[in-house]
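Heads up, the thing below is written out as structure tokens.
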């Protein structure tokens, strides 16, 4: 799954400083925004709307993205280590080569997501809906499981 700049519908490109300023002013809808290489390490972004956003090579280490809407966002090569993505909507999200070390994905929706070459290390994936139609109810460590039906 690749996402071109055309898919952004001419979305704006924001720097880290501009994003933080707009977020501090109360903006929560960053859908279709180009946030390539943004540094949001440790930020509380609970419930943010990042649908179709480009977060290529973004640093979201330790960020709180619980209940965030990341549907069809491009998170390829992003760093989501130690991030909280519990109850997040990640359906259709590009997670290719994303670093997910110690990440909390509890109750997240990963349906139709692309986790190709994603780095999962000690990732919490309790009750997660996975792209290949499997629900993992309780696992301490991430691993691929396939529905053989």
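Residue numbers (my numbering): 899 to 1047. For each residue, glycine too, the CB sits at the ideal point set by N, CA and C. Quick caveat: nothing in here was measured; it's all calculated off a predicted structure.
Own chain residues within Cβ distance below 6 Å of residue i, not counting five before or after
i: residue 911; result: 932
i: residue 974; result: 954, 992, 994 and 995
i: residue 950; result: 929, 930 and 970
i: residue 961; result: 938, 941, 943 and 981
i: residue 909; result: 930, 931 and 932
i: residue 1011; result: 988, 991, 993 and 1029
i: residue 945; result: 965
Same chain only: Cβ atoms within 8 Å of residue i, ignoring 5 sequence neighbours per side
i: residue 947; result: 926, 927, 928, 929, 966 and 967
i: residue 914; result: 936, 937 and 938
i: residue 1015; result: 994 and 995
i: residue 956; result: 933, 934, 935, 936, 937, 938, 973, 976 and 977
Backbone secondary structure at residue i - three-state DSSP
i: residue 997; result: strand
Inter-residue spacing [alpha-carbon to alpha-carbon] between residue i and residue j
i: residue 986; j: residue 940; result: 17 Å
i: residue 976; j: residue 984; result: 17 Å
i: residue 963; j: residue 997; result: 15 Å
i: residue 1002; j: residue 959; result: 12 Å
i: residue 1013; j: residue 916; result: 29 Å
i: residue 1036; j: residue 920; result: Any reading at residue 1036 must be qualified, since the residue scores a pLDDT of 49, below 50, and its modelled position is unreliable; no value is offered.
i: residue 922; j: residue 1017; result: 31 Å
Same chain, Cβ closer than 7 Å to residue i, five either side skipped, listed in chain order
i: residue 1007; result: 987, 988, 989 and 1027
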